[in-house]
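Numbering (the numbering used here), first residue to last: 5 to 246.
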């Protein structure tokens, strides 16, 4: 009888321990599940905030260019109506392309360069013979990826600090190369050191590019600027995600 009582006590103790272990495991499982759901909600909120900021950065770039283009069209209507009409068609194509690209996070370089050349055609109507461009792109990097609409503000910055403070003709050079696992795009523009301050010329355009690169790749070293004699150089590096 005593042996039976001791055995019952042991069995009760084992059952209690097993029940306690199961309760602890269930508690841990529910805690981990709740933590995972909280982490997922936090990540989703952060992604939504990042997407909203990226969208805002892209939207803020267009009005400046649009206002300049409309002012140029207005000035051309009286003196060069054919040029004004041409610029309206180009601007329409440019804005249509912008709307299509808004939903795309990454595009290949070839597509981005086509869009950039349309932008440059509009600027060449504005500035006439004063602006010329040279684009060199290695064949092996044409299908490499970069954030859509990334190059326009870089080139716009080059035009601003190459043309606005001089009456001379200028040539802006754009080159794209593949370097290890990076797409590197370099934009070079001449500047007059007596009338221009390119080191301070990294206003909203270039800062927005740097911010977009940080939001997408979590790095602050993907945009570099330097001046070499009378040349201002901007380099953008885009990691190629595998």
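All residues carry an ideal CB built from backbone N, CA and C; glycine is no exception.
Residue 29 and residue 36 have their C-alpha atoms some 10 Å from each other. In this structure, the alpha-carbon of residue 101 lies about 29 Å from that of residue 173. The three-state reading of DSSP puts residue 229 in strand, counting E and B together. In this structure, the straight-line span from the alpha carbon of residue 155 to that of residue 222 is close to 19 Å.
Residue pairing by DSSP places residue 180 opposite 141 and 189 in a beta bridge.
Closest by C-alpha distance to residue 71, out of 142, 225, 99 and 216, is 99. Taking the Cα of residue 179 as reference, the smallest distance to any Cα among 157, 219, 158 and 138 is reached at 138.
Nearest Cα to residue 119 within the set 153, 228 and 134: 153. Every unbroken stretch of the alpha helix (DSSP H) spanning 4 or more residues and falling wholly within the stretch 74 to 152 is given here in chain order: 85 to 105 and 113 to 131. When DSSP states are grouped into helix, strand and coil, residue 154 belongs to the coil group. Burial state of residue 77 is buried, judged by a 10 Å Cβ sphere holding 16 or more other Cβ atoms. The way I'd put it, the stretch 211 to 225 doesn't touch the stretch 181 to 196; fewer than three beta-carbon pairs between them come closer than 8 Å. For residue 129, same chain residues with a beta-carbon under 8 Å away, outside a window of 5 residues either side, are 76, 80, 87, 90, 91 and 94 in chain order. By the C-beta density criterion, residue 166 is buried, having at least 16 other C-beta atoms within 10 angstroms.
Using a Cβ distance threshold of 8 Å, residue 192 and residue 237 count as a contacting pair.
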